[in-house]
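See below for the structure under consideration.
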Amino acid sequence: MATEEKDILRGGQFLVKETNCEDVFTPEDFSEEQNMMKESVMEFNDREIIAHKARFEAKDYALTEEVMRKAGEMGFLSVAVPEAYGGMGMGFVSTVLTCDYISSGTGSFSTAFGAHTGIGTMPITLYGTEEQKQKYVPKLASGEWFGAYCLTEPGAGSDANSGKTTAELSADGKSYKINGQKMWISNAGFCSLMIVFARIEDDKNITGFIVEYDDENPNGITLGEEEHKLGIRASSTRQVFFNDTVVPVENMLAGRGEGFKIAMNALNVGRIKLAAACLDSQRRILTTAVEYATERKQFKTPIADFGAIKTKLAEMAANAYAGESATYRAAKNIEDRIAMREAAGNTHQEAELKGVEEYAIECSILKVAVSEDVQASADEGIQIFGGMGFSEDTPMEAAWRDARIARIYEGTNEINRMLCVGMLVKKAMKGHVDLLGPAQKVQEELMGIPSFETPDYSELFSEEKAMIAKLKKAFLMVAGGAVQKFGPQLEEHQQLLIAAADILIEIYMAESAILRTEKNAKRFGEDTQSAQIAMAKLYLYHAVDIVEEKGKESIISFAEGDEQRMMLMGLKRFTKYTNYPDIVDLRIEIAEKVKAEKKYCF
2 MATEEKDILR GGQFLVKETN CEDVFTPEDF SEEQNMMKES VMEFNDREII AHKARFEAKD
62 YALTEEVMRK AGEMGFLSVA VPEAYGGMGM GFVSTVLTCD YISSGTGSFS TAFGAHTGIG
122 TMPITLYGTE EQKQKYVPKL ASGEWFGAYC LTEPGAGSDA NSGKTTAELS ADGKSYKING
182 QKMWISNAGF CSLMIVFARI EDDKNITGFI VEYDDENPNG ITLGEEEHKL GIRASSTRQV
242 FFNDTVVPVE NMLAGRGEGF KIAMNALNVG RIKLAAACLD SQRRILTTAV EYATERKQFK
302 TPIADFGAIK TKLAEMAANA YAGESATYRA AKNIEDRIAM REAAGNTHQE AELKGVEEYA
362 IECSILKVAV SEDVQASADE GIQIFGGMGF SEDTPMEAAW RDARIARIYE GTNEINRMLC
422 VGMLVKKAMK GHVDLLGPAQ KVQEELMGIP SFETPDYSEL FSEEKAMIAK LKKAFLMVAG
482 GAVQKFGPQL EEHQQLLIAA ADILIEIYMA ESAILRTEKN AKRFGEDTQS AQIAMAKLYL
542 YHAVDIVEEK GKESIISFAE GDEQRMMLMG LKRFTKYTNY PDIVDLRIEI AEKVKAEKKY
602 CF
């Protein structure tokens, strides 16, 4: 098996090890089966979701439930579920692909789908006992039942472990009574099963329970009214109240006090799937914008011919391309890691759990980057439509509203920024990623005399890859300096963590776009990848700017005197091109390609 032969990078190691382009998976590597799946999902999205967009926007909750049932009949809810429990048992890349292409019709359906297949079903497939899986997973996989995930409470949002909902063991030891209140519960209005987190006695950590729900026999469960929301309007979102809800002891998920761990790991999967759910939305936003811009004339010229509009189209395309490249790169890493663990004798359950957990850093990076890019894309989409973009009669307004939630759920982007750096530092402490060695080397390099030779950058991406290597040094210098100064107290310095995270995110995204393009240029010919090369270069150019800005902000905030001067000089060295790209030309090339094809065409 190819997986075992190549040394798969561990999560976070992209920062300290060079990745060969041959070792990354790209959307151009989809198998025949995956391409068929993609076509089938796109066709379903067009027929069942996009055709009824107005009804979703009019808060037609029944339609969301009806389309979810149809998705179940098509097998789309069961892609990630092992065959033993009535699922398709397809790999992680196929799971991500399905989520990508089914999510762009409307955020309402995307949320229902994501909540059900991810946090509604996954906790049972990953943590359930054999009996729990046999009993519940087939019903969830087929769409006979829908799942909801009850974690958030009025006083427990980002601090998920602070929930007040209680679970009390009965005198006969056969059941628990759950009391408490949950809020912002997706799918609450039509679910048959809830994953509920509650605290037993004075436990430090919460515990997970599988709770059945039947409105004919509510068992102490009542639902609040549907919430009125900025976007995702037909996604059922309600408060859920538990009043002496009786749950048999065999419905505890994993062990007592394991709930926080379940919640965190379910969110890791949720994060990469949320990134995937924003990808096709970006493609559609760009396609809709370019169609409008080529038809809309001002001053007797299609607005797509104006430089101001070309800038927007090019930036939207480059961001979508980088997001796609990074998401599928990570998805395949996870899939390979799962396969490796299964080959080593782990159960599918253990393998999947550990496989996703290994790449928790990348999952957080993707969640932040892609959710922010889809919002920026929708915002520019409105701008390209001008006054019409502000009207409910055109699709941009709904796209913008729906995109907004992506930066909040599955852990806010602020929490995820702090998490990705925090997890990286923890991995370094455990010896899973050697950050200290490389950081030390960077320190020595700063003390040494820089080379004044002009390198040979004639080969495709040779300068860009050298830039990526330098950006990694910039991260090691800044993060290493902050860790040295603050040690374990670093997590109290949130502004520094967030700045370091922005550097980390840009490195991963830019490198992913470059590696994908390099791989495709080698196998399909450089001339076929001209616009893709331009997008990778454009994305990197912005990444370098962000690294410079965030690096400077950090250095001048925690270092002083000679140390500060030396680090600022180092930052300058690590963010300096030998040959700057012509940004205007790059944008023109990308925009012309998109304009000629009248769609996102990569």
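Under my numbering, think of the first position of the sequence shown as 2, with each following residue one higher. Just so it is clear, CB atoms sit at the ideal spot from N, CA and C, and this is done for glycine as well.
(request) Could you work out which residue in Gly225, Val250, Gln135 is closest to Thr238 when comparing CA atoms only? (result) Of the candidates Gly225, Val250, Gln135, the residue whose Cα lies closest to the Cα of Thr238 is Gly225.
Checklist entry - Between the stretch 458-476 and the stretch 506-520, do at least 3 Cβ pairs fall closer than 8 Å? => result Contact between the stretch 458-476 and the stretch 506-520 is present: 3 or more CB-CB pairs across the two stretches fall below 8 Å.
| task | Check the C-beta distance from Gly164 over to Phe198 and give it rounded, since I have them as a contact under 8 Å. | result | About 6 Å; that satisfies the 8 Å criterion.
Evaluate the contact criterion for the stretch 17-35 versus the stretch 91-111: three or more CB pairs, one atom per stretch, below 8 Å. Yes, the stretch 17-35 touches the stretch 91-111.
### Query
When you compare only the Cα positions, how much space is there between Gly324 and Gly129?
Roughly 33 Å separates the two Cα atoms.
Worksheet entry | Reference Ile406; option with closest CA among Gly387, Leu498, Lys368, Pro439 | The shortest Cα separation from Ile406 among Gly387, Leu498, Lys368, Pro439 belongs to Lys368.
In whole angstroms, what separates the C-alpha of Met89 from that of Gly73? Rounded to the nearest angstrom, the two C-alpha atoms are 12 Å apart.
Practice task
Under 7 Å Cβ to Cβ from Phe462, same chain only, skipping five residues before and after it: list those, please.
Solution key: In chain order, Ile515, Glu519 place their CB closer than 7 Å to the CB of Phe462, counting only its own chain and leaving out the 5 sequence neighbours on each side.
Range of the contiguous beta strand (DSSP E) that encloses Ala240:
Per the sequence shown, the amino acid found at residue 240 is Gln instead of Ala. That run of the beta strand (DSSP E) goes 238-249.
Minimum C-alpha distance to Ala1 - residue among Met38, Val68, Tyr62, Val443: Residue 1 cannot be examined here, being either before or after the span of the chain that is shown, 2 to 603.
message = At the level of alpha carbons, what is the spacing between Pro582 and Leu541?
response = So the alpha carbons of these two residues sit roughly 10 Å apart.
Pick helix, strand or coil for Ser187, following the three-state DSSP scheme. Ser187 falls in the strand class under three-state DSSP.
Check your understanding: Along the chain, where does the beta strand (DSSP E) that runs through Ala168 open and close?
Key -> Boundaries of the beta strand (DSSP E) around Ala168: 167-170.
message = Please state the DSSP three-state secondary structure of Ala3.
response = Low confidence applies here, because Ala3 scores a pLDDT of 42, under 50, leaving its location unreliable; read the following figure in that light. Correct three-state label for Ala3: helix.
Using the rule of at least 16 other Cβ atoms within 10 Å of the residue's Cβ for burial, across every protein chain shown, is Gln14 buried or exposed? When all chains shown are included, Gln14 counts as buried.
Worksheet item: At what residues does the alpha helix (DSSP H) containing Arg644 begin and finish?
Response: Coverage of the chain is limited to positions 2 through 603, which leaves residue 644 absent and any answer about it impossible.
Go ahead and pull the three-state DSSP assignment for Glu67.
The three-state secondary structure of Glu67, taken from DSSP, is helix.
Just mark Lys606 as buried or exposed, buried being the case when its beta carbon has 16 or more other beta carbons within 10 Å.
Only positions 2 to 603 of the chain appear in this structure, which leaves residue 606 out of reach.
So, are the CB atoms of Gly552 and Val479 less than 8 Å apart?
Cβ distance < 8 Å, so Gly552 and Val479 count as in contact.
Relative to the C-alpha of Gly481, which residue among Gln133, Ser513, Leu437, Gly382 is closest?
It is Leu437.
Run through the stretch 418-449 for me and flag every whole beta strand (DSSP E) of 3 or more residues, listed as ranges in chain order.
Counting only runs of at least 3 residues, the stretch 418-449 fully encloses no beta strand (DSSP E) element at all.
*Can you pull the DSSP bridge partners for Tyr128?*
The partner list for Tyr128 (beta bridge, DSSP) is empty, contrary to what the question assumes.
Can you name the start and end residues of the beta strand (DSSP E) that Phe210 belongs to? Taken as a continuous stretch (DSSP letters only), the beta strand (DSSP E) holding Phe210 covers 208-213.
**Asked** In whole angstroms, what is the alpha-carbon distance linking Pro139 and Ser365?
**Response** If I take the Cα positions, the gap works out to 30 Å.
Exposed or buried, which one is Lys298 when buried takes at least 16 other CB atoms within 10 Å?
-> Lys298 is exposed by the Cβ-count criterion.
Name the two residues that bound the continuous alpha helix (DSSP H) containing Leu224. Here Leu224 belongs to no alpha helix (DSSP H); instead the beta strand (DSSP E) covers 222-224.
- On the three-state DSSP scale, how would you describe Ile584? If DSSP states are grouped into helix, strand and coil, Ile584 belongs with the helices.
message = Nearer than 7 Å: is that true of the beta carbon of Gly260 relative to any heavy atom of the ligand FAD?
response = Looking for the ligand FAD in the displayed structure turns up nothing, as the structure carries no ligands at all.
- Output the distance between the C-alpha atoms of Met570 and Ile273, rounded to the nearest integer angstrom. Met570 and Ile273 have their C-alpha atoms spaced approximately 36 Å apart.
key: Phe210 and Asn180 closer than 8 Å at C-beta   = Taking 8 Å as the cut-off, the beta carbon of Phe210 is found no closer than this to the beta carbon of Asn180.
**Asked** Cα-Cα, which of Gly390, Gly308, Ala377 is closest to Val585?
**Response** The shortest Cα separation from Val585 among Gly390, Gly308, Ala377 belongs to Gly308.
*Would you kindly work out how many angstroms separate the C-alpha atoms of Met2 and Glu343, rounded to a whole number?*
Low confidence applies here, because Met2 scores a pLDDT of 38, under 50, leaving its location unreliable; read the following figure in that light. So the alpha carbons of these two residues sit roughly 12 Å apart.
query: Are the stretch 99-106 and the stretch 165-173 touching by the rule of at least three beta carbon pairs closer than 8 Å?
result: They do not touch, by the three-pair rule.
Span of the alpha helix (DSSP H) around Phe261:
Following the DSSP letters along the chain, one finds Phe261 inside the alpha helix (DSSP H) bounded by residues 260-296.
Q) How many angstroms separate the CA atom of Thr126 from the CA atom of Gln350? A) Their backbone Cα atoms lie some 7 Å apart in a straight line.
| query | Exposed or buried, which one is Met448 when buried takes at least 16 other CB atoms within 10 Å? | reply | Counting Cβ neighbours within 10 Å, Met448 comes out exposed, since fewer than 16 surround it.
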